[in-house]
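FYI, the numbering for the first sequence is 128 to 696, going by my numbering.
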Amino acid sequence: MAKTLPRNAELADQLDLLADISEILAEESFKVIAYRRAAARIRETPSPVAELALAGRATDLPGIGKTIEQKVVEIVNDGEMHALTRRRERVPVGVVDFLRLPGVGPKTAARIWTELGVTTLDGLKIAAEDGRLRDLSGLGQKSEEKILKALDAGAGEQVEPRRLLGVGLPAVRRAVEELQAHPAAIAVSEAGSVRRRRETVRDLDLIATSSDAPVLIAAFCEGSWVRDVAARGPTKATVVGHDELRFDLRVVPPECYGNVLQHFSGSKDHNIALREDAQRRGLSISEYGVTVVETGEVVTHATEEELYDYLGYAFIPPELRENDGELAAARKGILPKFVELSDLRGEMHCHSTWSSDGKNSIEEMALESKRRGYTYLCLTDHSHYLRDGRMEAQWVEIDAVNTRVKPFRVLRGVEVNIRADGSLDVDEDVLAELDWVVASVHTAFERSPTERILGAIDNPHVDCIGHLTGRRILKRTGAEVDIELIVERAAEQGTALEINSQPDRLDMRDTHARLAGEAGVLIPITTDAHSITALGYGELGIGLARRAWLTKEKVLNTRSWAQIAKIRK
DNA sequence: GCCGTTTTCGGCCCGACTGTTTTCAGTCG
């Protein structure tokens with residue numbers, strides 16, 4: 128590649144900005160929707176869209192047509208999107224910031240700008256303090272106060288932070304359990320992005336049916352985890368926990384539980400596509416039921432299964448509901464059965480006290496894995512702690528532990544470091560003696576990561592690549608790797624690519640894992656545990672794997688060690 | 001601007017809430 132191509136995130140940001148500015152300029156609303164959809168699609172596409180656009184293949188992506196493909200090509204060739212440049216000349220940059228304020232949308236932002244001549248957040252603050260905002264028709268004292276309060280709180284500069292799934296999921300589980308135990312509760316379920324197992328979440332959604340909604344709402348608002356009640360009505364409440372997590376509960380009649388649960392599980396894109404499709408067939412979907420437009424009849428569904436069936440789809444697991452092919456597959460009835468936590472039979476990447484950051488002994492890790500129903504564990508302590516004869520000493524301990532935990536088995540492994548120059552920090556003849564070798568990049572993420580990983584994939588002794596990009600969710604983005612090249616090579620060489628279940632890693636990410644699965648790469652779901660409690664992270668990796676459409680067959684450690692030993696390279 | 005069980009034109013998800021209004025526009029999820 129001669130020049131650096133813009134990343135998908137940059138392309139998506141520009142299209143989102145184009146959408147915002149176009150909306151402020153009151154342009155055709157469906158154009159704005161199209162820009163946003165294209166941006167979302169590009170952001171979620173695993174391969175570089177700039178490259179696809181240059182090859183004329185970006186239009187293969189749903190939501191991207193000739194015009195937007197051309198806009199991407201412009202960014203590559205001219206360094207700018209002309210439609211965006213033209214509009215930026217018309218709208219002061221600061222006006223776009225107004226959109227992040229509560230209650231301020233494109234119409235209001237435009238009027239603050241054109242009628243008051245205010246073009247910055249600072250200017251807006253002064254205008255609000257002077258009581259000039261309330262002069263605009265449609266805005267009153269309350270709107271002014273709300274905007275001022277948000278500006279004082281520093282809003283407009285940052286949005287509500289996202290939290291890790293690993294934080295949100297246990298919290299929502301506890302809430303569901305506590306509510307479910309209440310006598311007034313009939314059914315309680317998690318919903319929203321937690322239920323879809325997105326890697327990060329904002330609000331935690333709960334849906335319930337009840338014999339006495341107000342009583343259940345009261346119990347929810349008085350829960351042990353509640354710090355503040357942000358809103359409370361007869362059927363709906365929002366509370367904030369001591370850990371700053373926000374919970375939304377909706378209590379609904381049992382007969383439309385399926386409709387409401389489906390609605391509030393999202394994703395937004397999935398629901399929009401579902402509704403568009405239904406509309407073509409004369410059906411109108413809302414959270415209260417499905418209306419047959421011609422007759423006005425409203426059909427409700429007690430379960431999601433009944434709802435999807437009524438609409439002509441096989442049940443779609445929540446993790447797949449991202450409008451990425453699941454609707455077409457469910458309509459054709461060709462959605463396979465996806466991997467589940469109970470399918471896992473062993474741990475393939477974890478650490479003991481032999482790594483300085485490990486918290487538990489080999490035996491403790493083995494016993495906990497055994498307790499979880501596993502039959503083997505690949506011990507993969509960090510290579511640099513196993514120098515100078517320590518690896519041989521570790522083998523002695525592994526052998527001793529194995530005599531005590533059998534038929535459970537601890538395998539000899541290592542997590543070998545891929546150095547900045549691409550070499551591995553363990554000798555080849557040592558690697559050759561091990562049962563399982565994970566190779567990972569831990570440093571210098573920006574120095575030719577793709578080439579270094581390809582080198583490791585090609586090494587005959589490397590069984591698996593650990594945490595592919597090295598990202599730390601909400602902290603660092605990780606190495607920018609050529610996923611298509613890596614997946615292709617891994618499939619050729621029979622090198623596995625792991626799904627690392629650490630809450631802040633979840634690496635490979637969903638879109639990458641889906642590509643790998645489709646290419647036939649074997650994918651172990653590992654915890655990279657440094658303690659016995661971390662061995663429980665597997666459910667996060669399972670959620671990710673399901674989002675990546677992985678079946679049991681595509682996940683390596685759904686097999687016994689005997690089976691793996693046969694197919695490992 | 002995209003897209004097709006309405007296929008190259010004419011559509012494009014749905015409802016609640018808020019604050020502002022006398023019937024609704026705009027925002028939000």
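No residue lacks a Cβ here, since even glycine has one placed at the ideal position from N, Cα and C.
Sequence-distant residues of its chain with Cβ nearer than 7 Å to residue i (five each side left out)
i    : result
A236 : I151, V222, F225 and L226
T577 : V608, D609, L612 and I613
S687 : R472 and T502
N135 : I169, R170, T172, P175 and V176
I691 : L683
G283 : Low confidence applies here, because G283 scores a pLDDT of 45, under 50, leaving its location unreliable and the question unanswered by this model.
L132 : P175, A177, E178 and V203
E446 : R323, R324, G670, R673 and R674
A661 : T654
V466 : I669, A672, R673, L677, T678, K679, V682 and T685
I489 : S479, L506, E524, I525, V528 and V537
Among the options, the one whose alpha carbon lies nearest that of residue i
i    : options                   : result
T685 : K696, G665 and R674       : G665
T604 : T622, E573 and P233       : E573
T502 : P175, T480, A689 and G668 : A689
D332 : L343, P445, E317 and V342 : E317
R598 : N627, D140, G293 and H476 : N627
T653 : K252, A646, L671 and W522 : L671
K679 : L278, R164 and V648       : V648
P444 : P651, S320, F157 and A345 : S320
A346 : H309, R259 and P133       : H309
L558 : V543, A493, G549 and R324 : V543
R301 : Q268, L292 and W352       : W352
V420 : T430, R408 and G439       : R408
E242 : I253, G258, L263 and A255 : L263
V303 : D355, G244 and V378       : V378
L438 : T194, G423, D370 and E403 : E403
K269 : L291, G230, K234 and R238 : G230
G72  : G368, T327, P219 and R261 : Outside the modelled stretch of the chain, which goes from 128 to 696, sits residue 72, for which no answer is possible.
G549 : R354, V366, L513 and N586 : N586
Helix, strand or coil at residue i [DSSP, three-state]
i    : result
M492 : helix
K363 : strand
F535 : coil
H511 : helix
S392 : helix
K158 : helix
M128 : Because the pLDDT of M128 is 45, which lies under 50, any placement of that residue in the model is unreliable, and the number read from its coordinates should be weighed accordingly. M128 falls in the coil class under three-state DSSP.
I195 : helix
A357 : strand
H476 : strand
E524 : helix
R215 : helix
A606 : coil
S337 : strand
I344 : helix
G665 : helix
A182 : coil
A166 : helix
G368 : strand
N600 : Residue 600 is actually Ile in this sequence, not Asn. DSSP places I600 in coil when its eight states are reduced to three.
D770 : The chain is shown from 128 up to 696; residue 770 falls before or after that span and cannot be answered.
Residues of its chain near residue i, where Cβ-Cβ distance is below 6 Å and the 5 sequence neighbours each way are ignored
i    : result
L462 : A441 and A456
G452 : none
S616 : Residue identity check: residue 616 is Arg in the sequence provided, not Ser. Same-chain partners within the cutoff: L581 and I584.
H428 : G385, N386 and L434
A571 : A547
R394 : Before going further, note that residue 394 is Ser rather than Arg in the sequence given. Here the set comprises R448 and E449.
W563 : C505, L538, G540 and D590
A146 : V159, Y162 and R163
T418 : S411 and V425
T507 : H476, G540, V541, E542 and V565
Sequence-distant residues of its chain with Cβ nearer than 8 Å to residue i (five each side left out)
i    : result
Q285 : With a pLDDT of 49 at Q285, under the threshold of 50, the modelled position of this residue cannot be trusted, and the question is left open.
I399 : N450
G190 : A161, R164, A165, A167 and R168
Quick check for students: name the residue ranges of the beta strand (DSSP E) that lie wholly in the region 541-584, counting only runs of 3 or more.
563-567
Can you give, in chain order, each stretch of the beta strand (DSSP E) that sits fully within the region 275-326 and has at least 3 residues?
Taken in chain order, the complete beta strand (DSSP E) segments of 3 or more residues contained in the region 275-326 are 312-318.
On the three-pair Cβ rule with 8 Å, is the region 477-490 touching the region 355-374?
Under the Cβ criterion (8 Å, minimum of three pairs), the region 477-490 does not count as touching the region 355-374.
What alpha helix (DSSP H) runs, 4 residues minimum, are completely inside the region 443-472?
Note on the region 443-472: whole alpha helix (DSSP H) runs with a minimum of 4 residues are 453-459, in chain order.
Within 8 Å, do at least three Cβ pairs link the region 311-321 to the region 330-345?
yes
Please give the ranges of any alpha helix (DSSP H) in the region 612-649, keeping only runs that are unbroken, at least 4 residues long and fully inside the region.
637-645
Touching or not, the region 264-276 and the region 296-310, by the rule of three or more beta carbon pairs under 8 Å?
no
Taking contact to mean at least 3 C-beta pairs separated by less than 8 Å, is the region 238-249 in contact with the region 167-175?
They do not touch, by the three-pair rule.
Write down every uninterrupted run of the beta strand (DSSP E) in the region 389-440 whose length is 3 residues or greater and which is fully enclosed by it, in chain order.
If one requires a minimum length of 3 residues, the beta strand (DSSP E) runs lying completely within the region 389-440 are 410-413, 416-419 and 424-426, in chain order.
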